[in-house]
Every structure is written in C-alpha cells, then in structure tokens.
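In my numbering, the protein residues as written are 217 to 573. Glycine included, every Cβ here is placed at the ideal spot set by N, Cα and C. Please read these numbers as outputs of a predicted model, since none were measured by experiment.
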C-alpha cells in the first residue's frame, strides 16, 4: 500500500535541508560530486528512514539519485547493494516519486549554492560558451590559453573584486566541461601555497594517464596566471615556487623562452626550500644543452642540497659549477665548507687554496 504523499516542503524547509547538507560537505573540505551526492543520501535517509536513496551514474546529474522504499529489516547487505542496480518490480508509489522530486531538487539547489555545474548539462553549457569538449589532450598553444581565459572570465562573470576561491572554482568548472574524461574538484588547501584543484581520471586508461594529468595541471596553472594577470591581481599570484617552475617547463615546450625565464626568476624569488621543481628544470636545461640558462637552477639546487645536508650530491654539483664557471673562485669556498662538514679538512684546505689562485 502506498504511503500518503509527503507534503510539499516550504522554501524555508528546502533551505534548511540545503544548509544542513552543505555543512557536511564543508566539513569534508572536498567539493566533489560524489561528496555532494553522499551527503544528500545520508541526510535524507536519516530524516526519512522509510526510504533508500541510490546514486547511479554521477554523469546523469540530478537523475542519478533514485529513491526507493527502504529494504525490510534483516535483509542481507549484499542483496541491498545489488538492489540498487536492479529495476523495480513495481512502479514507484506516489510518495516515493514525491520524495525523489525533493531529493533531486535539493541536489540542484546545492550545486548552485556550491558553484558547481550539473554534469548532465555539461555538453549544453560548453556549447553555450562556444567551445566543444576534447577527446584527447591538446598540445600547448598560447592563443588557446588566452581564449580559454577570456571564456572563463566572461561566462563565470569573474571580476576584479571576485574572491580568489570563486576564481579557482570557476576554473575547475570550466575544465570539467572541457575534459569530460577527467574530474576537477575544488578543495580547501592545508596551506595557501598549494593549488586547490584535484584532478582525477574518471575511467581507466591503458596509456600514461598520469602524464596527461600533469599536462592538464600545467594548463590550469597557466589559465589561473593569465586570469590574474588580466585582472591585475598580482598579489594573488601563487606563493609556491614549484607552480612557477612548472610554468617554465610549459613555456619552454611552447618555445617561449623569454617568458619562461620570467617565470623562473619569479619562482626563485620565492626562495624554494625543496628540489621538486628545480630538479625537473635542471634536467630540462641539461637535455637542451642550455647550461647558461639552467645555471641559476643548478646553483639553487646545490644550495638546497647543502642546507639539507645532502653533502655528497651537493659536492658533486658544486664541483660541476666551479668547472663551468672557473672565473668565479667563490665556488671553491663553498666546496671547502662542504668538505669541512664531511670531516675532510685536507680537501677543504686544498679547495681554499684554489679559491685564492
């Protein structure tokens, strides 16, 4: 027998539901569609225990949420799991359809409040923007990045006064439209230096998908930079040196060496404390046989090695630097210090004499 229809909730009640569900997502600090759907399901099943909410295919948007009668007490957990994918034996009752209507409406309202797009509308939205999604990751092209940045600013109404969080969310939304095989999720970072968009591939790939993700990540960094530059929001530039070193790699690949040098200088000005991005740049310029352009990164890497007591690689690197720049005798003083730290006073003395020659 069908339950009596659930009364149409007031706007105040709907807002209360949305507020409670968003609070759960906020606590998780990871604004993925999966977290939104799980929070909706947990909340409504707690408030209305006579119903079960299944989520089937996040790409269907609000229609991924299907409401059914809750299974009888004592049913097997495995049977309950498989039941989500089985068609109902009987058509849904009026109360079930009404509950489904409320659940799906809440989903759309929450996406709107969280500044997320309905995945069922991705194709429609990107067509409206004037673009089409990519099946493969395209090559880096400066003109494309300028065009994409313009589209983000126009469609998501990014302005000079727009909070940085909303700018980043807009970029994540845009990339969800552009690359439908991947998901782009805004999250609350532990530190301001960490760029808060998580990238994941939705489907398994036989190729080197992690390289594809790295390539898309560089695109996101560049779009972020171009937007802030257009808005003259220079104080909002990333404080992470590795962000800028990644842009160096990207612009070198595009053949824009002058701009790459500018990004590299900015990254070095932020006083990097780890070797992650620097090591990649050192390798890049050694492979390109551009030792003069790469020397500033080699020197910074050698200094960090010394600071971190990585004495043997630091010694090898500084000797290479001294060999490449024989006119700069100060390099041998650094080498002498490293020998002293290694407990080799004899070689330290020899190095100091070389500094005086």
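Check	Outcome
Beta-carbon proximity of residue 450 to residue 497, cut-off 7 Å	no
Member of 548, 561, 556, 559 whose CA lies at the smallest distance from the CA of residue 568	548
Coarse secondary structure for residue 222, derived from DSSP in three states	coil
Simplified DSSP state of residue 467, which is helix, strand or coil	helix
Start-to-end residues for the beta strand (DSSP E) that takes in residue 402	398-402
Residues that residue 426 bridges to, as DSSP identifies them	Residue 426 pairs with nothing; no bridge assigned.
Length of the line joining the Cα atoms of residue 494 and residue 282	50 Å
Burial state of residue 522, where buried means 16 or more other Cβ atoms lie within 10 Å	buried
Whole-angstrom C-beta distance between residue 337 and residue 277, which should lie under 8 Å	7 Å
Integer Cβ distance of residue 446 from residue 369, believed to fall under 8 Å	7 Å
Beta-carbon spacing of residue 397, residue 418 below 7 Å	yes
Reference residue 402, options 360, 387, 542, closest by Cα	387
CB contact flag (residue 574, residue 234, <7 Å)	Any answer about residue 574 is impossible in this case: the structure gives the chain only from 217 up to 573.
Buried/exposed call for residue 517, threshold 16 Cβ in 10 Å	buried
Separation of residue 355 from residue 431, as counted between CA atoms	9 Å
Continuous alpha helix (DSSP H) assignments of at least 4 residues falling wholly in the stretch 259-340	293-299, 310-329
Contacting residues, own chain, Cβ-Cβ under 8 Å from residue 349 (five flanking each side not counted)	338, 339, 342, 393, 394, 395, 396
Residue 448 Cβ short of 6 Å to the ligand ATP heavy atom set	Summarising the ligand content, the structure contains no ligands, and the ligand ATP is consequently not present.
Extent of the continuous alpha helix (DSSP H) to which residue 383 belongs	380-394
Integer Cβ distance of residue 411 from residue 365, believed to fall under 8 Å	With 8 Å as the limit, residue 411 and residue 365 do not qualify as a contact, their Cβ atoms being about 16 Å apart.
CB contact flag (residue 241, residue 253, <7 Å)	no
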